[in-house]
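Here's the structure, in C-alpha cells; my notes come after.
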Amino acid sequence: MDVFKKTYQVLVIIGFLVSMMSAVSVSAAPNQVFTSQEDVDIAIAKGFKAITSQMNDDGGIRWFDESSSVATTIRVVHALAAAGVTQDYLISNSGKRPIDFLKAQGLMGLPGRNGDTRL
C-alpha cells in the first residue's frame, strides 16, 4: 500500500479515536506530510499510546468517567478492524483486550440496554 494512503487512513482513524476520548487533547496537523514509513510507524505508535492510556483493567475504553464504555470500545475495535490493524497492541494491565471487554458485556452492554445511554 502506498505510504501516503496508509498515512492518511491511519491518521483519520487515530484522530477519530482520540477525539472520542474526553481526557486526551489533540491538535490536528492537516498539512503534515509523512515522507517515510518510519514517520507513519511513529504516528501509529503515538495513537496506540493515547488509546492505551484510556484503557481500564477489564480491557474497555473509558469515555467521560473512569468506567469502561461499550460504545467507545466498539468504536475502537471497529476503527482498527477497518484499517486492518490488529488490536493486539491494546492490552490492559490485567492482560485483557478491548474485544475481551465486549465479550464479557454481551448484549446487555450495548448502548440503550440496561440503562446505558452512552453513545
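Just so you know, the numbering used here puts the end of the sequence shown at 1510, numbered straight through with nothing missing. Just so it is clear, CB atoms sit at the ideal spot from N, CA and C, and this is done for glycine as well. Bear in mind that the values here come from a model prediction, so they are computed numbers and not experimental data.
- For residue 1452, the three-state secondary structure derived from DSSP is strand.
- Taking a C-beta distance under 9 Å as the contact criterion, residue 1444 and residue 1451 do not qualify as a contact pair.
- Here residue 1460 is bridged, per DSSP, to 1452.
- Residue range 1428 to 1443 is occupied by the alpha helix (DSSP H) that includes residue 1443.
- Per DSSP, residue 1496 is one residue of the alpha helix (DSSP H) stretching across 1489 to 1496.
- Around the beta-carbon of residue 1440, fewer than 16 other beta-carbon atoms lie within 10 Å, marking it exposed.
- Under a 10 Å Cβ-count criterion, residue 1433 is classified as exposed, with fewer than 16 other Cβ atoms of the shown protein chains found around its own Cβ.
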